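For the sequence shown, the numbering used here puts the final residue at 311, and the numbers step up evenly by one.
Quick reminder that beta carbons are idealized off the backbone N, C-alpha and C, glycines included.
Quick caveat: nothing in here was measured; it's all calculated off a predicted structure.
First comes the structure, then the notes that go with it.
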Amino acid sequence: MSDSTKPTTATLPDSEKAASSRTPAAEEKSWQENTLAPTLAKNPERQTEFTTISAHPIRRLYTGADLPDWDAAKELGFPGERPYTRGIHSTMHRGRLWTMRQFAGFGAAEDTNQRFRYLLSQGQTGLSTAFDLPTLMGYDSDHTLSEGEVGKCGVAISSLADMEVLFDQIPLANVTTSMTINSPAAVIWAMYLAVAEKQGADWKKISGTLQNDILKEYIAQKEYIYPPEPSMRLVIDTLEFAAQQTPKFNPVSISGYHIREAGSTAPRHAPRRVRSPAFLLLQRP
Numbered sequence: 027m028s029d030s031t032k033p034t035t036a037t038l039p040d041s042e043k044a045a046s047s048r049t050p051a052a053e054e055k056s057w058q059e060n061t062l063a064p065t066l067a068k069n070p071e072r073q074t075e076f077t078t079i080s081a082h083p084i085r086r087l088y089t090g091a092d093l094p095d096w097d098a099a100k101e102l103g104f105p106g107e108r109p110y111t112r113g114i115h116s117t118m119h120r121g122r123l124w125t126m127r128q129f130a131g132f133g134a135a136e137d138t139n140q141r142f143r144y145l146l147s148q149g150q151t152g153l154s155t156a157f158d159l160p161t162l163m164g165y166d167s168d169h170t171l172s173e174g175e176v177g178k179c180g181v182a183i184s185s186l187a188d189m190e191v192l193f194d195q196i197p198l199a200n201v202t203t204s205m206t207i208n209s210p211a212a213v214i215w216a217m218y219l220a221v222a223e224k225q226g227a228d229w230k231k232i233s234g235t236l237q238n239d240i241l242k243e244y245i246a247q248k249e250y251i252y253p254p255e256p257s258m259r260l261v262i263d264t265l266e267f268a269a270q271q272t273p274k275f276n277p278v279s280i281s282g283y284h285i286r287e288a289g290s291t292a293p294r295h296a297p298r299r300v301r302s303p304a305f306l307l308l309q310r311p
């Protein structure tokens, strides 16, 4: 690594220069040189110093040099390094704020498109799409079972033409989009990708998130269409497709809070002898 990319005293915030008695361990120095420095060279932090609301300086990193009898490398790890318990980026939100999204969707595609464009004009940095109940259940708006529910709890999408209107004048190459939908997620996502392609966006570069978490529907929200096994097949197909064609797009978002609200407890690990339905289905060819 060249000297120009190594962190120097001149590049450190005042809060980090002041602790003259602080003695960083070899692991911390390695993190500074091999993980932090390349990040700062590519994407500097948003401001020179960060403080609490009481104006107390906040260091970029805290380790055993700050807290006696604690080994950060062993017990927690470092930001931007495996196992990523302190985040996937070495500077986290000091370098870039998280994506700002307002969950939005109502009426026809034209109505929600107007809302999306307004939110983006007001500084929102991403989109979060709410679909109406018929769309969530895989029904067209003109189906008899859709009567009274079209456009009520989200936007009504029945066709590719609707999806094109929904994202009219919104460059999908530059905006990340979250779509909260599960049973017909593969179809809705296919429409989204078709719109992106029509706009000239590169599938390899577009990003966003598809909820696509069908198992929680059987346990909690109950908006399932097909039996578990073919439903899981659709989920797996989208995962495989995304890995090959849209590497920056998240093809699934596990919604644990739905299951918790349906009555589950919060243990992180099931007993070793119990295999979940998801595990069993994923083992099938």
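For residue i, the three-state DSSP class (helix, strand or coil)
i: M126; result: coil
i: S147; result: helix
i: A227; result: coil
i: V176; result: coil
i: R72; result: coil
i: Q247; result: helix
i: W215; result: helix
i: W57; result: helix
i: A292; result: coil
i: G282; result: helix
i: D97; result: coil
i: F132; result: coil
i: T111; result: coil
i: I240; result: coil
i: P105; result: coil
i: P311; result: Below a pLDDT of 50, predicted positions are generally treated as unreliable, and P311, at 45, falls in that range; the measurement from the model is reported next regardless. P311: coil per DSSP, three-state reduction.
i: A220; result: helix
i: A92; result: According to the sequence displayed, residue 92 carries Asp and not Ala. Three-state result, D92: coil.
i: A48; result: The residue asked about is misnamed: residue 48 is Arg in this sequence, not Ala. Three-state DSSP puts R48 in coil, outside helix and strand.
i: T117; result: coil
i: S209; result: coil
i: P253; result: coil
DSSP bridge partner residues for residue i (one or two, in chain order)
i: F275; result: G234
i: P83; result: T77
i: V181; result: F157
Limits of the alpha helix (DSSP H) - the one that residue i falls within
i: M205; result: That residue, M205, is in no alpha helix (DSSP H); its beta strand (DSSP E) goes T202 to T206.
i: T65; result: A63 to K68
i: D23; result: In the structure as shown, the chain starts at 27 and stops at 311, and residue 23 therefore has no counterpart that could be examined.
i: D194; result: It is not in any alpha helix (DSSP H) - D194 carries neither H nor E in the DSSP assignment.
Delimiting residues of the beta strand (DSSP E) encompassing residue i
i: T155; result: G152 to A156
Buried or exposed by the 16-neighbour rule on C-beta atoms within 10 Å, applied to residue i
i: P210; result: buried
i: A220; result: exposed
i: K242; result: buried
i: I84; result: exposed
i: Y165; result: buried
i: I114; result: exposed
i: L171; result: exposed
i: N69; result: exposed
i: Y110; result: exposed
Cβ-Cβ separation, residue j to residue i (assumed contact under 8 Å), whole Å
i: I240; j: V261; result: 6 Å
i: R108; j: F76; result: Wrong, their Cβ atoms sit about 25 Å apart, outside the cutoff.
i: T117; j: A91; result: At roughly 19 Å, the Cβ-Cβ gap does not stay under 8 Å, so T117 and A91 are not in contact.
i: S154; j: R127; result: 4 Å
i: L87; j: E54; result: 7 Å
i: L198; j: A216; result: No, L198 and A216 are not in contact; Cβ-Cβ is about 14 Å, not under 8 Å.
i: N139; j: L192; result: 5 Å
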